[in-house]
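With this note's numbering, the residue at position 391 of the sequence shown is 1325, and numbering never jumps.
Taking it in order: structure first as structure tokens, then the write-up.
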Amino acid sequence: MKISIPVLEAVLRVIPQVRPQIYFKSSLTALSHAIEDQVLAGSESPLVIASFQRERFYRQEANRYRRIADRSDQVYVLAAPETDFTNTSGLYETIAFDPSDSLSQEWHLVVIAERYTSCLICQERKGHVQNPKSMDVQGVDQSRVFEGVWTFDRQFNYRAAEILMDRILAYRPELAAKIARAKSKYFVETGFQFSDVDPGPFVERLVTYLQAGQYKLLKTYRSITIQERKERLVNSITAAIRESLNLDDIFRVAVQELGQAMDACRCLFYRCQLNEPIAKIQYEFLAPDTLSLADHVWGLQDGPLFQFTAQKAEWIWIDDVQTNAMIAAQPSLKALVERWKIVRWLIVPVSYQGRLLGIVELHYCVGCNKTLLPEDLELVGAIAHQIGVALIQAEAYTHLDELNQQLEALERTRSNLIAITGHELRTPLSTIQVCLESLMDEPDMPLELRQVMLDTAFTDAERMRRLVQDFLLLSRLESGRVEWNPEAIPLNECIDLALSHIRSRQNCAHLPHITSHITQELPLVRVDGEWLVEMLAKLLDNACKFTEPKGQVCIEAISKGSQMLEVTISDTGRGIDPNRLETVFDRFYQEEGALRRTAGGTGLGLAICRQIINRLGGEIWAESEGRNLGSQFHFTLPVAEI
Ligand code: ADP
935 MKISIPVLEA VLRVIPQVRP QIYFKSSLTA LSHAIEDQVL AGSESPLVIA SFQRERFYRQ
995 EANRYRRIAD RSDQVYVLAA PETDFTNTSG LYETIAFDPS DSLSQEWHLV VIAERYTSCL
1055 ICQERKGHVQ NPKSMDVQGV DQSRVFEGVW TFDRQFNYRA AEILMDRILA YRPELAAKIA
1115 RAKSKYFVET GFQFSDVDPG PFVERLVTYL QAGQYKLLKT YRSITIQERK ERLVNSITAA
1175 IRESLNLDDI FRVAVQELGQ AMDACRCLFY RCQLNEPIAK IQYEFLAPDT LSLADHVWGL
1235 QDGPLFQFTA QKAEWIWIDD VQTNAMIAAQ PSLKALVERW KIVRWLIVPV SYQGRLLGIV
1295 ELHYCVGCNK TLLPEDLELV GAIAHQIGVA LIQAEAYTHL DELNQQLEAL ERTRSNLIAI
1355 TGHELRTPLS TIQVCLESLM DEPDMPLELR QVMLDTAFTD AERMRRLVQD FLLLSRLESG
1415 RVEWNPEAIP LNECIDLALS HIRSRQNCAH LPHITSHITQ ELPLVRVDGE WLVEMLAKLL
1475 DNACKFTEPK GQVCIEAISK GSQMLEVTIS DTGRGIDPNR LETVFDRFYQ EEGALRRTAG
1535 GTGLGLAICR QIINRLGGEI WAESEGRNLG SQFHFTLPVA EI
């Protein structure tokens, strides 16, 4: 069965002078409860007809209707069934109407007593969109809007009750006799005026409900304000993160905003990793009159609070440092808490994919009453997460930038090298070709000239071999594809090995006089021995190459502070132009130029030496008074710690 004319419309057809009003769902609830309470507070046995749109709305009020049924045997409850709401005659009559009936769009409560009548009869406004944000705990939308009439007018209320009773009869014809009894009992001229009724209970209940509604509204407003404050905080920190890749800016904004929003006395952020022993406090927000911890160093390894946070990747909130077991058990922590006047303490790890990156701390100090709620802790956790993301982003960007620069440098080097190496290789190759062609074309060439041709070709072939070898070595060093095995070794041993290399390669009669003044007292050096020997051999080779056999080459070493040794290889040879002292370390630099190689080197030796010494942790430089005044090559090496 389905009745399509709404009750409200039917009543207004008969009594058109009443003007309907707009009601929100919350006002209707308050009014209905006040009307029901008036029944419960009075001594009459009224006719009560209540129509709920759905069974679930009725369920919330079922208890109240059981109590109303104690007062009267003429109570009718209507609802569209959803589970087990059926037509029954129990404590009161229940009428299950068709869900498509227009009743399902209305809200009715009619009370007809001897002394008074009340009626609330409304129709839900069509086109109202349900707003999930205004749902209350029962999933009822408090912002639903109705249009209808709330009145104590006896004529209007009789009409409304009559129409509703007709609807009831349509569903439950067996109630005809009971309804007829009601009509004859209640629809009579009583002579009572509305002013004869004590409005007290009704008004009181109404005010209580309205107050409760107001309180709910206030609570909602407060929670929206808190939520909004949090969103603003997260947004401002996220904005700082997006706008800048500068970690300094990000951390400064984060501690400032977080400290202020949480009313903290101190908000700290420091970077640290799981196994680091200490951390320096780098960023701080400070409330007025609070001691500063900036640049202070926190010991991490023996700090149980830090260890707990770092290992478990969880925050710690200490609501009272006096009663905390971890602090009580650790005198150093107790002292720290006293010194920095901490009363409540929050420690939150900043991590990314399980990797600890830093810590955020909030301190509430002596004299401050502020405490943190679970939602505040959630918020700080969310901010800490944002800081972690910022850190990773900025790191990734820096790496990318560095990598780009390295790639650009490599690209430049590669093109330079191709040009230079091409030239350096072509020169000896042309010589070899000319010599071999002459030998082939002139079979009658004198024997001595033949020998000269062969020697020249051989020398240049050897030069090419060394060039390729040095070039490959330098490339390996520059690209970092080299293994280093540093160990504590005596410098003397390396020098002896380098000297024996030189002596085995060259005719000793052509070598200048070499002396080594390395005392036994010198500390061991921490280096990779093989690479050090390689480098010493190159420097000694140069010294011998550019010094007459009657000249001198001298090796000395002195301590330079407690950390380093300075080694000097000096010669009395041809010296270096003072404005070339840095250029000699460039690749392929040779004083005589590519076409006039008298000394037969590759021009890569010193570039290789600089690479090696840098990797060993030292520096290398050249000194010379000038032409024919000899040269000194100095380099430093790290001393091995004992
Ligand atoms: P090379 O294979 O030509 O020796 P290096 O890179 O070792 O290449 O040296 C570059 C240049 O530096 C040499 O060609 C030479 O002009 C100059 N040089 C290096 N060592 C000395 C030295 N002890 N005395 C004078 N000049 C030197």
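Built from N, CA and C at the ideal position, the CB exists for glycine as well.
| So Q1486 is in the beta strand (DSSP E); what residue range does that whole segment cover? | Translated into positions along the sequence shown, residue 1486 becomes position 552. Per DSSP, Q1486 belongs to the beta strand (DSSP E) from 1486 to 1494.
| For A1316, which residues from the same chain have a beta carbon less than 7 Å from its beta carbon, with the 5 sequence-adjacent residues on both sides left out? | One-based indexing of the sequence shown puts residue 1316 at position 382. Hits under 7 Å: V1168.
| request: Report buried or exposed for A1269, applying the criterion of at least 16 other Cβ atoms within 10 angstroms of its Cβ. | output: Reading the sequence shown from its first residue, position 335 is the one you call residue 1269. A1269 is exposed by the Cβ-count criterion.
| message | According to DSSP, simplified to helix, strand and coil, what is Q987? | response | Here residue 987 refers to the residue found at position 53 of the sequence shown. In the displayed model, Q987 falls within a strand according to three-state DSSP.
| message | Mapping the DSSP letters down to three states, classify C1206 as helix, strand or coil. | response | Numbered from 1 along the sequence shown, position 272 holds the residue referred to as residue 1206. In this structure, C1206 counts as coil in the three-state DSSP scheme.
| task | Report the option in L1037, S985, R1000 whose CA atom is closest to the CA atom of Y1026. | result | Within the sequence shown, numbered from 1, the residue matching residue 1026 stands at position 92. Scanning L1037, S985, R1000 for the CA closest to the CA of Y1026 turns up R1000.
| For F1019 versus Y992, is the C-beta spacing smaller than 8 Å? | Indexing the sequence shown from 1 puts residue 1019 at position 85. Indexing the sequence shown from 1 puts residue 992 at position 58. Contact check for F1019 against Y992 passes: the beta carbons are separated by less than 8 Å.
| field | Cβ contact (3+ pairs, closer than 8 Å) linking the stretch 1269 to 1280 and the stretch 1250 to 1260 | value | Short answer: they touch.
| request: May I ask you to verify whether the stretch 962 to 976 touches the stretch 1140 to 1154, counting CB pairs closer than 8 Å and requiring at least 3? | output: In short, these stretches touch, since the Cβ pair count reaches three.
| Where does R947 land, buried or exposed, given buried means 16+ other C-beta within 10 angstroms? | As a position in the sequence shown, residue 947 is number 13, starting the count at 1. R947 is classed as exposed because its beta carbon has fewer than 16 other beta carbons within 10 Å across all chains shown.
| Any chance the CB of D1389 is under 7 Å from a heavy atom of the ligand ADP? | Sequence index remark: in the sequence shown, residue 1389 carries index 455 (1-based). Taken from the Cβ of D1389, every heavy atom of the ligand ADP lies 7 Å or farther away.
| In angstroms, rounded to a whole number, what distance separates the CA positions of Y1523 and L1540? | As a first step, residue 1523 is located in the sequence shown; it is residue number 589 there, counting from the start. As a first step, residue 1540 is located in the sequence shown; it is residue number 606 there, counting from the start. If I take the Cα positions, the gap works out to 9 Å.
| request: Check whether the Cβ of T1159 lies closer than 8 Å to any Cβ atom in chain C. | output: Structure shown: chain C not included; a single protein chain is present.
| request: Return the Cβ separation of L925 and F1567 in integer angstroms, given the expectation that the two are a contact with Cβ distance under 8 Å. | output: Residue 925 lies beyond the stretch modelled for the chain, which goes from 935 to 1576, so this question has no answer here.
| task | Using a threshold of 8 Å, state whether the C-beta atoms of I1250 and Y1286 are closer than that. | result | In the sequence shown, counting from the first residue as 1, residue 1250 sits at position 316. In the sequence shown, counting from the first residue as 1, residue 1286 sits at position 352. No, these two residues do not count as a Cβ contact at 8 Å.
| message | I need the straight-line Cα distance from Q1072 to C1299, nearest angstrom please. | response | The residue labelled residue 1072 in the question sits at position 138 within the sequence shown. The residue labelled residue 1299 in the question sits at position 365 within the sequence shown. For Q1072, the predicted structure reports a pLDDT of 45, less than 50, and the residue's modelled location is therefore unreliable. A value from the coordinates is still provided. Cα-Cα distance, rounded: 42 Å.
| field | Of the residues V1459, C1543, P1033, P1133, the one placed nearest E1016, counting alpha carbons only | value | Along the sequence shown, one-based indexing puts residue 1016 at 82. Selected option, being the one with the closest Cα: P1033.
| Is there at least one non-hydrogen atom of the ligand ADP closer than 7 Å to the beta-carbon of V1402? | Counting from 1 along the sequence shown, the entry for residue 1402 is found at position 468. Incorrect: V1402 has no Cβ contact closer than 7 Å to the ligand ADP.
| query | What distance in whole Å lies between the Cβ atoms of L1425 and L1456, which are believed to be in contact at a cut-off of 8 Å? | reply | As a working mapping, residue 1456 is identified with position 522 in the sequence shown. As a working mapping, residue 1425 is identified with position 491 in the sequence shown. With a Cβ gap of about 6 Å, L1456 and L1425 count as contacting.
| alpha helix (DSSP H) runs contained entirely in the stretch 1130 to 1209, provided each spans 4 or more residues | 1134 to 1177, 1181 to 1195, all fully within the stretch 1130 to 1209.
| said: Is the beta carbon of C1428 closer than 8 Å to that of G1463? | reply: As a working note, residue 1463 is residue 529 in the sequence shown. As a working note, residue 1428 is residue 494 in the sequence shown. Result yes, Cβ atoms of G1463 and C1428 sit closer than 8 Å.
| query | DSSP state of E1040, grouped into three classes? | reply | The residue you call residue 1040 lines up with position 106 of the sequence shown. Note: E1040 maps to strand in three-state DSSP.
| Should A1247 be labelled buried (16 or more other beta-carbon atoms within 10 Å of its own) or exposed? | Counting from 1 along the sequence shown, the entry for residue 1247 is found at position 313. Classification for A1247: exposed.
| Between S1565 and the ligand ADP, is the CB less than 7 Å from at least one heavy atom? | Here residue 1565 is taken as the residue at index 631 of the sequence shown, counted from 1. Correct: S1565 has its Cβ closer than 7 Å to the ligand ADP.
| query | Can at least three beta-carbon pairs, one atom from the stretch 937 to 944 and one from the stretch 1037 to 1054, be found at a separation below 8 Å? | reply | The stretch 937 to 944, when compared against the stretch 1037 to 1054, does touch it at the 8 Å Cβ threshold.
| message | Quick check on the DSSP output: the alpha helix (DSSP H) that includes S1118 runs from which residue to which? | response | To locate residue 1118, count along the sequence shown from 1; it is residue 184. For S1118, the uninterrupted alpha helix (DSSP H) segment begins and ends at 1110 to 1120.
| Where does the unbroken alpha helix (DSSP H) through D1026 begin, and where does it stop? | Translated into the one-based positions of the sequence shown, residue 1026 becomes position 92. As written in the sequence, residue 1026 is Tyr, which differs from the Asp given in the question. For Y1026, there is no enclosing alpha helix (DSSP H), as DSSP marks it with neither H nor E.
| field | Three-state class that DSSP yields for Q1320 in the structure shown | value | As a first step, residue 1320 is located in the sequence shown; it is residue number 386 there, counting from the start. Here Q1320 sits in helix by DSSP.
| task | Go through its chain and collect everything with a Cβ distance to Q1207's Cβ below 7 Å, but skip five positions before and after it. | result | Counted from its first residue, the sequence shown places residue 1207 at position 273. So the qualifying residues of the chain are L1290.
| For F1219, which of R1186, P1238, R1078, L1234 has the nearest alpha-carbon? | Position 285 of the sequence shown, counted from the first residue, corresponds to residue 1219. Ranking R1186, P1238, R1078, L1234 by Cα distance to F1219 puts R1186 first.
| query | How is the alpha helix (DSSP H) around I1097 delimited, first residue to last? | reply | What you label residue 1097 is simply residue 163 of the sequence shown in a count that begins at 1. Start and end: 1088 to 1105.
| task | Alpha carbon to alpha carbon, how far is Q1340 from T1332? Give it in angstroms, no decimals. | result | Walking along the sequence shown from the start, residue 1332 turns up at place 398. Walking along the sequence shown from the start, residue 1340 turns up at place 406. Rounded to whole angstroms, the gap between the alpha carbons of T1332 and Q1340 is 12 Å.
| Can you find at least 3 beta carbon pairs, one from the stretch 1403 to 1411 and one from the stretch 1538 to 1553, that sit closer than 8 Å? | Yes, since at least three Cβ pairs between the stretch 1403 to 1411 and the stretch 1538 to 1553 fall closer than 8 Å, the two stretches touch.
| request: Go ahead and label Q994 buried or exposed: buried means 16 or more other beta carbons lie within 10 angstroms of its beta carbon, across all protein chains shown. | output: Within the sequence shown, residue 994 is the residue found at index 60, counting from 1. Answer is exposed; the Cβ neighbour count stays below 16.
| task | Could you have a look at Q1566 and say whether DSSP puts it in helix, strand or coil? | result | Here the question's residue 1566 lines up with position 632 in the sequence shown. Strand, per DSSP.
| query | Cα separation between S1052 and V1314? | reply | As a first step, residue 1052 must be located in the sequence shown, where it is residue number 118. As a first step, residue 1314 must be located in the sequence shown, where it is residue number 380. If you take the alpha carbons of S1052 and V1314, they lie about 54 Å apart.
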